[in-house]
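Colleague: Its first residue numbered 590, the sequence shown is counted upward by one per residue in the numbering used here.
No residue lacks a Cβ here, since even glycine has one placed at the ideal position from N, Cα and C.
In this text, all values refer to a predicted model and were calculated from it rather than measured experimentally.
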Amino acid sequence: MSNSQEKRKGFRLERIELYNWGTFNKKIYSLNIEGENALLTGDIGSGKSTLVDAITTLLVPNQKITYNKAAGSTAKERTLYSYIVGEYKNTVDEGMGSSKAISLRDSKNYTVLLARFVNSYSNELVTIAQFFWLTQGTRQPNKIFVVSSEILTIEEHFLKFSTIKSLKKELKGIRGTDVLNSFKEYSQKFRRRVKIDSEQAMNLFYQTVSMKSVGNLTSFVRSHMLESSGVDEKIDELCHNFNELNHAHNTVLRAKRQMEMLKPIVADASKYRTNVKIKRAKERLRELLSSYFAKSRVELIEDRLTSLDIDKHKLESKVRENSHLLDELEESRFEIKDELNRSGGDKIILLTKDISRLNRVRDAKKRVHENYHRFAKALNLSTVSTEHTFLTNLNRVQEQMKSIEKDKRTIEVEKSLEERVISDREQQIKGLSIEINFLQRRKSNIPKQNSEIRDRITSELNIELPFVGELLRVNDKGWEGAIERVLRPFALSLLVDEVNYLKVSRYIDKTNLKGRVVYLKVMQPKSSSLPALVENSLVEKVDIKHNSPFYGWLEEELHRRFDYSCVDTLAEFRRFKRALTKSGQIKSSLVRHEKDDRFRVDDKRRYVLGWENQEKLVALRADMLKI
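1. For G1058, count neighbouring Cβ atoms within 10 angstroms of its own Cβ and tell me buried if that reaches 16, exposed if not.
2. Which of the three DSSP states, helix, strand or coil, is assigned to S692?
3. With a threshold of 6 Å on Cβ separation, who are the neighbours of Y656 within its own chain once the five nearest residues in sequence on each side are excluded?
4. Please report the residue range of the beta strand (DSSP E) in which F721 lies.
5. Quick check: what's the CA-CA separation for L1028 versus R1210?
6. Do three or more CB pairs link the stretch 1085-1095 to the stretch 1166-1173 at distances below 8 Å?
7. Determine the closest residue to W1200 out of E910, V1207, K1134 and R1163, with distance taken between C-alpha atoms.
8. Would you tell me roughly how many angstroms separate the C-alpha atoms of Y1096 and K1176, rounded to the nearest one?
9. In whole angstroms, what separates the C-alpha of R1031 from that of S1012?
10. Assuming L1061 contacts V1131 under a Cβ cut-off of 8 Å, what Cβ separation, rounded to an integer in Å, is found between them?
11. For R1062, which residues does DSSP report across the bridge?
12. Can you give the Cα-Cα distance for V1190 and G1070, rounded to whole angstroms?
13. Say whether the stretch 734-746 touches the stretch 767-775, bearing in mind that this needs 3 or more beta-carbon pairs closer than 8 Å, one atom from each stretch.
14. Excluding the five sequence neighbours on either side, which residues of its own chain have a C-beta within less than 8 Å of the C-beta of S1178, listed in chain order?
15. Using 8 Å as the Cβ pair cut-off and three pairs as the minimum, do the stretch 746-760 and the stretch 778-793 touch?
16. When we look at the beta-carbon of Q847 and count the other beta-carbons within 10 Å, is it buried (16 or more) or exposed?
17. Which of the three DSSP states, helix, strand or coil, is assigned to E676?
18. What's the C-alpha gap between Y775 and D1044?
19. Assign A1071 to one of three DSSP states: helix, strand, or coil.
20. Compute the distance between the beta-carbons of V715 and F706, then report whether it is under 8 Å.
21. So what's S802 in DSSP terms, helix, strand or just coil?
22. What residues match up with K732 in a beta bridge as DSSP calls it?
23. On the three-state DSSP scale, how would you describe I1252?
24. Considering only the alpha carbon of each residue, which of D857, Q1203, S696 and N614 lies closest to E1124?
25. Quick one, are the C-beta atoms of T646 and L607 less than 8 Å apart?
26. What does the alpha-carbon distance come out to for the pair R597 and L834?
27. For the alpha helix (DSSP H) containing T630, list its first residue and its last residue.
28. Using alpha carbons as the reference points, say which of Y710, N651 and V681 lies closest to N731.
29. How would you label N1033, buried or exposed, when you count the other beta carbons within 10 angstroms and need 16 or more for buried?
30. Of the residues S1126, N708, K845 and S688, which one's Cα is nearest the Cα of N679?
31. Please list, in chain order, all residues of the same chain as K801 whose beta carbon is under 6 Å from its beta carbon, the five residues on each side excluded.
32. What would DSSP say about Y1108, mapped onto helix, strand or coil?
33. So what does DSSP say about T840, is it helix, strand or coil?
34. Are the CB atoms of F613 and T639 within a distance shorter than 8 Å?
35. In the structure shown, what three-state DSSP assignment does R705 receive?
36. Pull up the distance between the alpha-carbon of A1208 and that of L1006, whole angstroms please.
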């Protein structure tokens, strides 16, 4: 084997490609190294450090990178975001006294980095790539990581796509290609393919990128080229094991002391058992006491009954004697009364009755008089001493009664209104409570009335009929309310496949559903290709549940019916044929425009999209607390 072949062993960088990276703007820039050593020269600002940072970004996590390090930078004067948007200078705002970066691109553009490594000795090839794009209003880039054993290029594989989803799908369809969402998995797969076992090698590569000097060679080798010995960890482990053994030894000694202390308790236990036997014997005797006392009580009661019987006979004899005496006294009373009547006593009796009757009349009038004066004082009326004063008070009381009656009617009207308001609130709370209890048993946001109609159909036919809203979710929270308005009729439609279409339509036709239902017949998509989307399309802001059998049909239907451009200004709104604003104004054609403000655009209680309903439950509970 020649020396040149020996040098070609292992994976070597063959080609690097950049698109929209830093000041490399709007076209593909490439560098063919072909596995050889390369010297990169140029004037200051010509892009040398930018190219080095692109290679570093492909191999090292961007959060560890100090960008522009090759030019001697120590501060964060460049970031991944600044490279993606192409910031190339700063301007000073004289009025505000602050500087602002000027960039070549906005968030609608994307960035691609690609490198190909070749092992000519083993005839192996590895292509790695990173795809970056920005979500409007954020500085944190989204990323796709690609590792492939095939030859990939930016022009052929990263420029001709309609959506991010379609790009991922096309890349996954390439043999030997992995599409990943995290740098850790991406780095592991790359190192496995190029046979780099240790992650330390990549850290060493980063430390040596653009190195200008090494202060202490020994420290550099220990820190970056040697594996950690782990002596400190072993010492900590030994100390931990010693502490555990020492604790176990102390536990054994404590157990021995406890055994010695328990011996007197064993002796006391024997004495305790003897005392228990004695106690139980005495308890049995105590239980017999109730019978003994009962017998004694019976004997005493019998003696008492005999004594009482004797007393009874004595009292009966005395009662008979008193009865004879009473008869004699009654005869004497009648004789005296008759004698009194013959002597004029009946007139005295009549006068006595008249006095008694007049006293009762006097007392009744006195009570009425006192009550009148008490009520008059409470009503701020004059004390009555003459008939004129009485009539004056009567007129005033009648006027006050009319005012009171009027106030009473007003209060009754107000009470009726309050009762109606309370009844309305109770109905609202009852409705919200029913909806909350229903949603707690479900995961989707579909309203109770629609779900119950669907449940009756599926129960009768024993089939699954999903709502469109259960398979779609808005991924851009800033546009969630507006997109909910556009997709609501579509979201509340049932999906019926061709197999079940006949029996579903037959059942719905013959059944009174007691409500409205819309169902869509789902057929296989006519073509595998999808039309290109408009700029900032609504379709890109909606996710389809990935494991749904209706995924392809829903994707085609969204492209066909809801390719609305999500615009921020009315100028853009007028420019597109179909457009949507954040306030919920919909332009479905050049002629038809719609805006429904019967409900707030951000009213989460009316949201029907998504396969999780926690946000809707929170909104409903908040409304219940406000009522």
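Modeller: With the given structure in hand:
1. As a first step, residue 1058 must be located in the sequence shown, where it is residue number 469. By the neighbour-count rule (16 or more Cβ atoms within 10 Å), G1058 is buried.
2. Sequence index remark: in the sequence shown, residue 692 carries index 103 (1-based). S692 falls in the strand class under three-state DSSP.
3. Counting from one through the sequence shown, the residue named residue 656 turns up at place 67. The residues are D642 and R667.
4. Working through the sequence shown from its first residue, we reach residue 721 at position 132. Start and end: E713 to W722.
5. Residue numbering aside, residue 1028 sits at position 439 when the sequence shown is read from its first letter. Residue numbering aside, residue 1210 sits at position 621 when the sequence shown is read from its first letter. Cα-Cα distance, rounded: 12 Å.
6. No, the stretch 1085-1095 does not touch the stretch 1166-1173.
7. As a position in the sequence shown, residue 1200 is number 611, starting the count at 1. Considering only alpha carbons, the answer is K1134.
8. Counting from one through the sequence shown, the residue named residue 1096 turns up at place 507. Counting from one through the sequence shown, the residue named residue 1176 turns up at place 587. C-alpha of Y1096 to C-alpha of K1176: approximately 37 Å in a straight line.
9. For the purposes of this step, residue 1031 is taken as residue 442 along the sequence shown, with counting starting at 1. For the purposes of this step, residue 1012 is taken as residue 423 along the sequence shown, with counting starting at 1. About 29 Å.
10. Numbered from its first residue, the sequence shown carries residue 1061 at position 472. Numbered from its first residue, the sequence shown carries residue 1131 at position 542. About 6 Å separates the two Cβ atoms, so the contact holds.
11. Looking up residue 1062 in the sequence shown gives position 473. Looking at the DSSP assignment, R1062 forms a beta bridge with D1132.
12. Here residue 1190 refers to the residue found at position 601 when the sequence shown is read from its first residue. Here residue 1070 refers to the residue found at position 481 when the sequence shown is read from its first residue. Taking the straight line from one Cα to the other gives about 5 Å.
13. Because the criterion of three Cβ pairs below 8 Å is met, the stretch 734-746 and the stretch 767-775 touch.
14. One-based indexing of the sequence shown puts residue 1178 at position 589. Closer than 8 Å at the Cβ level, and outside the excluded window around S1178, lie K1166 and R1167.
15. no
16. Sequence index remark: in the sequence shown, residue 847 carries index 258 (1-based). The residue in question, Q847, is exposed, as its Cβ has fewer than 16 Cβ neighbours within 10 Å.
17. Locating residue 676 in the sequence shown gives position 87, where the first residue counts as 1. Correct three-state label for E676: strand.
18. Position 186 of the sequence shown holds residue 775. Position 455 of the sequence shown holds residue 1044. Whole-angstrom Cα-Cα distance: 45 Å.
19. Walking along the sequence shown from the start, residue 1071 turns up at place 482. Three-state result, A1071: helix.
20. Position 126 of the sequence shown, counting from 1, holds the residue named residue 715. Position 117 of the sequence shown, counting from 1, holds the residue named residue 706. Yes; because the gap between Cβ atoms is below 8 Å, this pair is in contact.
21. Here residue 802 refers to the residue found at position 213 of the sequence shown. Caution is warranted here: a pLDDT of 45 is assigned to S802, below 50, making its placement in the model unreliable, and the coordinate value is therefore given only provisionally. Coil at S802, not helix or strand.
22. Taking the first residue of the sequence shown as 1, we reach residue 732 at position 143. Note: K732 sits in a beta bridge opposite F721.
23. Outside the displayed span of the chain (590 to 1216) sits residue 1252, for which this structure offers no information.
24. Reading the sequence shown from its first residue, position 535 is the one you call residue 1124. If we check each option's Cα against that of E1124, S696 comes out closest.
25. Residue mapping note: residue 646 aligns to position 57 of the sequence shown, counting from 1. Residue mapping note: residue 607 aligns to position 18 of the sequence shown, counting from 1. It is not a contact, given that the beta carbons lie outside the stated cut-off.
26. Here residue 597 refers to the residue found at position 8 when the sequence shown is read from its first residue. Here residue 834 refers to the residue found at position 245 when the sequence shown is read from its first residue. Rounded to whole angstroms, R597 to L834 spans 57 Å at the Cα level.
27. Position 41 of the sequence shown, counted from the first residue, corresponds to residue 630. Taken as a continuous stretch (DSSP letters only), T630 belongs to no alpha helix (DSSP H), as it is neither H nor E.
28. Taking the sequence shown and counting its residues from 1, the one referred to as residue 731 is at position 142. Selected option, being the one with the closest Cα: N651.
29. Along the sequence shown, read from residue 1 onward, the residue named residue 1033 stands at position 444. The question names Asn, but residue 1033 is Ser in the sequence shown. With 16 or more other Cβ atoms within 10 Å, it is buried.
30. Indexing the sequence shown from 1 puts residue 679 at position 90. Of the listed residues, the one whose Cα sits closest to N679 is S688.
31. Counting from 1 along the sequence shown, the entry for residue 801 is found at position 212. Reliability of the predicted coordinates at K801 is poor, the pLDDT of 46 falling under 50, and no value is obtained from them.
32. Here residue 1108 refers to the residue found at position 519 when the sequence shown is read from its first residue. Reduced to three states, the DSSP call for Y1108 is strand.
33. As a working note, residue 840 is residue 251 in the sequence shown. Three-state DSSP puts T840 in a helix.
34. By one-based count along the sequence shown, residue 639 stands at place 50. By one-based count along the sequence shown, residue 613 stands at place 24. For T639 and F613, yes; Cβs fall inside 8 Å.
35. For the purposes of this step, residue 705 is taken as the residue at position 116 of the sequence shown. Strand.
36. Taking the sequence shown and counting its residues from 1, one reaches residue 1208 at position 619. Taking the sequence shown and counting its residues from 1, one reaches residue 1006 at position 417. Distance between the alpha carbons of A1208 and L1006 is about 28 Å.
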